[in-house]
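Working notes, structure below.
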DNA sequence: CCTTATACCTACAGTGACTATAGCTTACAG
DNA sequence: CTGTAAGCTATAGTCACTGTAGGTATAAGG
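Chains as they are written, first to last, in my numbering: chain U, 42 to 182; chain R, 42 to 182.
Right under this line is the structure:
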């Protein structure tokens, strides 16, 4: 029987986070000792590891809920899991695109800055004058 | 005299968001009509545009607060604004790195998936077995 | 058996940056 | 003068946690 602290250490999850996952129904309600402390089995550890790994890959808790459901009902086709993963991939690719546009704009901003007084500061000027900024508008509109 | 709705339309900011910016002290408290409605001048419009543009470039509201302070005191050196922008650039670059690691991992996941039953689903397998995943661990640890 | 340190418990507030809702009031055009 | 669009406040909700206060349980050492 594993304590919540052991789960925490073995998965790199904060204790509060584990309790939070239980609260929102992502983890099953744990058994309790006579004194009311949570006790877990290996299966719970695996489930938590699955959740944490999925979170690291950027899946939302809702997506993870779906993935766990699939994982719990192994007879279905895997197409659903595949489509969730593909959706996630698309989102990540979108975010990368956005950030690359930002990066370009920020680079231009700091490259043009000469360390002059604020009056002629290129950074502030760019921020003031949105019209000078094309890349970002196209990507973020 | 501009209404909050006009400001909203001209900067693409939700009305609530403008009120929120006032509440947290990012926008000055607006003048009011006898009936209590907010009225703005051109200067407020520029300030809001500055805030929105900075947000689109990913600056936090705290960073924007600093940038606005600098912008309000034009006699100082621009070095501070420059360093805020550079910090932002570094953060964006970091995020891009992270996301690219995620993308790689997700691509591997969906590429290996054959649409079989859940039992042998590669997506779920990868999520279950964190040890198979090296890239992400290196980038996100 | 008793003490003590550590781990655990609940309940609630806070984070960032908004967004949404309910229920009301004002401004302005016709 | 009336209708309606737009405004107002106050409050709660979003996401995924994180932190805190104040109390209790457990396990190891004496």
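Using N, Cα and C, we set each Cβ at its ideal position, and we do this for glycine too.
Every value quoted in this text rests on a predicted model; they were computed, and no experiment measured them.
Annotation for residue 130 of chain R: the continuous alpha helix (DSSP H) segment containing it runs 120-153. For the C-beta of residue 103 of chain R, not a single chain U residue is nearer than 8 Å; the gap to the nearest is close to 15 Å. In chain order, 104, 107 and 108 place their CB closer than 7 Å to the CB of residue 125 of chain R, counting only its own chain and leaving out the 5 sequence neighbours on each side. Taking all protein chains in view, the Cβ of residue 88 of chain R is crowded by 16 or more other Cβ atoms within 10 Å, so the residue is classified as buried. Identification of chain R residues near residue 123 of chain U by a Cβ-Cβ cut-off of 8 Å yields 151, 154, 156, 162 and 164, ordered along the chain. The C-alpha of residue 139 of chain U lies about 12 Å from the C-alpha of residue 147 of chain U. Boundaries of the alpha helix (DSSP H) around residue 52 of chain R: 45-52.
Residue-level contact check: residue 84 of chain R does not touch chain U, since none of the beta carbons of chain U fall below 7 Å from its beta carbon. With contacts defined as CB atoms closer than 7 Å, residue 79 of chain U and residue 71 of chain U qualify as a contacting pair. Judged by their CB atoms, residue 122 of chain U and residue 164 of chain R are nearer to each other than the 7 Å cut-off.
Of the other Cβ atoms in all chains shown, fewer than 16 fall within 10 Å of the Cβ of residue 84 of chain U; this residue is therefore exposed.
For residue 142 of chain R, the nearest beta carbon of chain U is not closer than 7 Å to its own beta carbon. With fewer than 16 neighbouring CB atoms inside 10 Å of its own CB, residue 42 of chain R falls in the exposed class.
Here the alpha carbon of residue 133 of chain U sits roughly 42 Å from the alpha carbon of residue 74 of chain U.
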